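**Q** The sequence shown begins at 570 in our numbering and counts up by one.
We treat Cβ as the ideally placed atom computed from N, Cα and C, and that holds for glycine.
Bear in mind the structure is a predicted one, so any value in this text is a computation, not a measurement.
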Amino acid sequence: MKTALTIAGSDSSGGAGIQGDLKTFAAHGVYGMSVITAITAQNTVRVSHIQGLDPLTIEKQIDAIFSDIQVGSVKIGMLYNKRIVHAVLNTLKKYTMPPIVLDPVMVSTTGRILLKGDAITMMVEELFPICHMITPNILEAELITKMPIKNIDDMKKACIRLHKQGPKNVLVKGGHLKDTATDIYYNGYDFISYEHERIPNTNTHGTGCALSSAIAANWSIGYPSHVAIQRAKSYISKAIQGGFSIGSGDGPIKHFPKGVYNE
Ligand SMILES: Nc1ncnc2c1ncn2[C@@H]1O[C@H](COP(=O)(O)OP(=O)(O)O)[C@@H](O)[C@H]1O
Ligand SMILES: Cc1ncc(COP(=O)(O)OP(=O)(O)O)c(N)n1
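1) Under the rule that 16 or more other beta-carbon atoms within 10 Å means buried, what is HIS701, buried or exposed?
2) May I ask whether a heavy atom of ligand 1 can be found less than 7 Å away from the beta carbon of ILE809?
3) Mark LYS644 as exposed unless 16 or more other C-beta atoms lie within 10 angstroms of its C-beta, in which case mark it buried.
4) Using the Cα positions of THR606 and LYS726, report the straight-line distance between them to the nearest angstrom.
5) Using the beta-carbon count (16 or more within 10 Å), is SER548 buried or exposed?
6) Taking the alpha-carbon positions, what's the GLY584 to ASP819 distance?
7) In angstroms, rounded to a whole number, what distance separates the CA positions of ILE809 and ILE768?
8) In whole angstroms, give me the CA-to-CA distance for PRO826 and ASN772.
9) Are there 16 or more other CB atoms within 10 angstroms of the CB of LEU625, so buried, or fewer, so exposed?
10) So, with DSSP's three-state summary, where would you put PRO525?
11) Count the C-beta pairs between the segment 620–638 and the segment 797–808 that are closer than 8 Å, then say yes if the count reaches three, no if not.
12) To the nearest angstrom, how far is the alpha carbon of ILE790 from that of LYS571?
13) Is LEU780 a contact residue of ligand 1, with contact defined as CB to any heavy atom under 7 Å?
14) I believe LEU520 touches GLU695 by the beta-carbon criterion, under 8 Å. Please report the beta-carbon distance rounded to the nearest angstrom.
15) Determine the DSSP secondary structure at LEU648, reduced to helix, strand or coil.
16) Pull up the distance between the alpha-carbon of THR776 and that of GLY686, whole angstroms please.
17) Under 8 Å between the Cβ atoms of HIS655 and MET691?
18) Less than 8 Å between C-beta atoms, sequence neighbours within five positions excluded: which residues of the same chain meet that for ILE682?
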């Protein structure tokens with residue numbers, strides 16, 4: 570059985586975080602496991618409360634999995650604070666790691682801080698170097714690189730700066746560009762552009778989470794990174810097309826089952 574692990578926050582509305590990641594793994598036919606870092610009270614309009622879990626509870630969840638189960642890939646999402654970044658980093662370092670994709674989640678689309686300011690430096694300096702891939706969106710890439718990103722050329726410059734921080738591969742997501750939804754991949758040598766027309770649907774809650782967990786799922790299945798991204802992009806485009814409304818704000822994407830998105 571192919572397996573994947575998500576280390577992320579819980580989203581009570583079920584669109585993003587742990588819930589979105591597990592739905593993505595299941596849609597790929599990959600057995601999903603979870604380490605919860607924080608619990609958010611969240612719906613389609615706001616994140617009203619966040620409780621970061623204590624470091625020991627996080628460490629014990631990671632130990633429980635790696636001491637017993639073969640893990641095919643790891644996706645890391647919301648880490649919330651410095652103590653959580655530290656706990657995840659130091660516990661993962663005890664084990665031989667499968668490839669890790671880190672979505673450096675910082676702010677929800679509804680505007681709530683999901684990673685405290687003082688945790689950003691630790692995440693960049695200590696967690697980035699152990700990651701096979703990082704997948705910042707434009708705002709996250711701007712905050713980390715301290716450069717404005719307005720177009721594809723800027724995304725490429727940001728990729729180079731981010732790659733210098735230690736991850737083997739960088740994917741800057743272009744979901745917040747004006748005219749297209751083009752993501753830029755960089756492996757230290759070459760760029761690959763993953764393009765898709767903008768889909769006119771505002772029900773996109775959980776897209777970033779689903780893209781990174783789809784990449785992890787495709788690694789677990791056995792695809793190399795450039796193919797894993799291509800398949801994940803196809804998955805997410807279909808999922809956004811199927812996005813639906815369940816509340817008064819932006820609703821979730823639709824996790825179509827295996828077979829629907831790559832044909
Ligand atoms: N309206 C859209 N149409 C097509 N693709 C989109 C749209 N919005 C986001 N995407 C894609 O979804 C993925 C997540 O990107 P993004 O929205 O930038 O991340 P995040 O959810 O972390 O902010 C990327 O592959 C991006 O290109
Ligand atoms: C618990 C939790 N984790 C991550 C996010 C952010 O999700 P993401 O897919 O990056 O973007 P939006 O859903 O905010 O558009 C979250 N909201 N909650």
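**A** For this structure:
1) buried
2) yes
3) buried
4) 32 Å
5) A question about residue 548 goes unanswered here, because the residues of the chain that appear run from 570 up to 832.
6) 10 Å
7) 7 Å
8) 19 Å
9) exposed
10) As displayed, the chain neither begins before 570 nor continues past 832, which places residue 525 out of reach and without an answer.
11) no
12) 6 Å
13) yes
14) As shown, the chain starts at 570 and ends at 832. That puts residue 520 outside it, with no answer to give.
15) coil
16) 23 Å
17) yes
18) MET675 and VAL676
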